[in-house]
């Protein structure tokens with residue numbers, strides 16, 4: 116059941132692609148795409164500027180003499196890059212998606228209105244600030260839980276032979292779930308779900324949420340193009356998925372199929 120729900124959630128990404136092209140949502144991708152791309156460029160710049168000196172310092176001062184040979188400095192450099200991108204993926208959800216929240220929240224609203232015949236939501240700066248603060252509270256809560264779970268998963272690396280593989284897989288699933296929570300939250304926030312109700316929704320649809328986050332993270336793995344399109348594609352896919360789940364809970368189907376032809 117969980118696997119089928121994850122596959123169902125991943126299936127919303129092709130629907131999101133068709134919807135973005137058919138309903139001409141691509142202009143709304145530009146700003147979050149540039150912000151996301153800039154985040155990864157900043158990570159790369161930090162590594163390029165500092166990691167050579169840091170690796171040399173570690174090699175000269177912290178490695179015993181018998182280890183100061185061959186390709187060990189290169190391995191140290193590579194490990195620093197791995198740590199940097201791992202930190203970037205961990206920070207992406209609580210930091211970057213919070214910065215994106217006004218833009219991606221608007222994209223989520225446009226997606227529901229154009230594709231699913233959703234209602235018009237009047238723009239109110241007070242409500243936007245209230246939603247951002249409410250989202251910040253939930254994101255900080257999720258950040259603490261995510262960090263604790265990731266640290267616990269790291270301990271699995273101590274298991275002989277298969278520990279590293281199990282640890283990496285568990286960390287990926289943890290990241291996928293919390294990224295999915297952040298993307299689905301734009302829809303739940305717009306529908307005035309209280310924090311407790313949003314938590315209950317994501318827990319009740321854990322496999323769907325994880326599937327949305329998995330698709331998002333798989334896009335982020337793609338250099339350059341994935342960094343650019345992941346926020347918008349993740350938001351559109353999460354909106355389609357969340358609206359379908361909300362309407363199913365309410366006992367009614369979505370007003371239109373996500374991949375139905377656009378109205379002329």
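In our numbering, the protein residues as written are 116 to 379.
Cβ coordinates follow ideal geometry from the N, Cα and C atoms, glycine included.
Quick caveat, the model's predicted, so the values are computed rather than measured.
Going by beta-carbon coordinates alone, are residue i and residue j separated by less than 7 Å?
| i | j | result |
| --- | --- | --- |
| residue 147 | residue 200 | no |
| residue 330 | residue 128 | yes |
| residue 295 | residue 327 | yes |
| residue 279 | residue 289 | no |
| residue 320 | residue 229 | no |
| residue 351 | residue 124 | no |
| residue 301 | residue 131 | no |
| residue 261 | residue 293 | yes |
Do you know how far the Cα of residue j is from the Cα of residue i?
| i | j | result |
| --- | --- | --- |
| residue 345 | residue 165 | 28 Å |
| residue 154 | residue 291 | 19 Å |
| residue 282 | residue 309 | 33 Å |
| residue 370 | residue 231 | Confidence at residue 370 is low in this model, with a pLDDT of 42, below 50, so its placement is unreliable and the value that follows should be read with caution. Looking at the two C-alpha atoms, the distance is approximately 6 Å. |
| residue 143 | residue 158 | 24 Å |
| residue 270 | residue 264 | 10 Å |
| residue 122 | residue 274 | 30 Å |
| residue 364 | residue 268 | 33 Å |
| residue 223 | residue 117 | 25 Å |
| residue 190 | residue 197 | 10 Å |
| residue 306 | residue 226 | 14 Å |
| residue 276 | residue 284 | 14 Å |
| residue 202 | residue 152 | 16 Å |
| residue 353 | residue 297 | 9 Å |
| residue 360 | residue 325 | 14 Å |
| residue 339 | residue 145 | 13 Å |
| residue 335 | residue 342 | 5 Å |
| residue 140 | residue 221 | 11 Å |
| residue 358 | residue 287 | 25 Å |
| residue 206 | residue 257 | 12 Å |
| residue 210 | residue 303 | 19 Å |
| residue 136 | residue 259 | 37 Å |
| residue 311 | residue 169 | 44 Å |
| residue 126 | residue 119 | 10 Å |
| residue 374 | residue 318 | Confidence in residue 374 is poor, its pLDDT being 45 and thus under 50, which makes the residue's placement too unreliable to answer from. |
| residue 213 | residue 299 | 13 Å |
| residue 217 | residue 316 | 22 Å |
Taking all protein chains shown into account, do 16 or more other C-beta atoms lie within 10 angstroms of the C-beta of residue i, making it buried, or fewer, making it exposed?
| i | result |
| --- | --- |
| residue 167 | exposed |
| residue 176 | exposed |
| residue 172 | exposed |
| residue 378 | Any reading at residue 378 needs caution, since the residue's pLDDT is 40, under 50, leaving its predicted position unreliable; the model's value is listed next. It counts as exposed. |
| residue 156 | exposed |
| residue 323 | buried |
| residue 313 | buried |
| residue 163 | exposed |
| residue 160 | exposed |
| residue 219 | buried |
| residue 149 | exposed |
| residue 254 | buried |
| residue 355 | buried |
| residue 57 | The first residue shown for the chain is 116 and the last is 379, placing residue 57 beyond what the model contains. |
| residue 266 | exposed |
Please list the terminal residues of the continuous alpha helix (DSSP H) segment that includes residue i.
| i | result |
| --- | --- |
| residue 320 | Looking at the DSSP string, residue 320 is not in any alpha helix (DSSP H), and its letter there is neither H nor E. |
| residue 360 | 340-364 |
| residue 219 | 212-230 |
| residue 138 | Where residue 138 is concerned, there is no enclosing alpha helix (DSSP H), given that its DSSP letter is neither H nor E. |
| residue 294 | 278-305 |
| residue 124 | 117-125 |
Beta carbon of residue i: closer than 6 Å to some heavy atom of the ligand PLP?
| i | result |
| --- | --- |
| residue 157 | This structure lacks the ligand PLP, and indeed carries no ligand of any kind. |
With a threshold of 7 Å between beta-carbons, can residue i be considered close to chain D, or not?
| i | result |
| --- | --- |
| residue 334 | Note that chain D does not occur in the displayed structure, where there is just one protein chain. |
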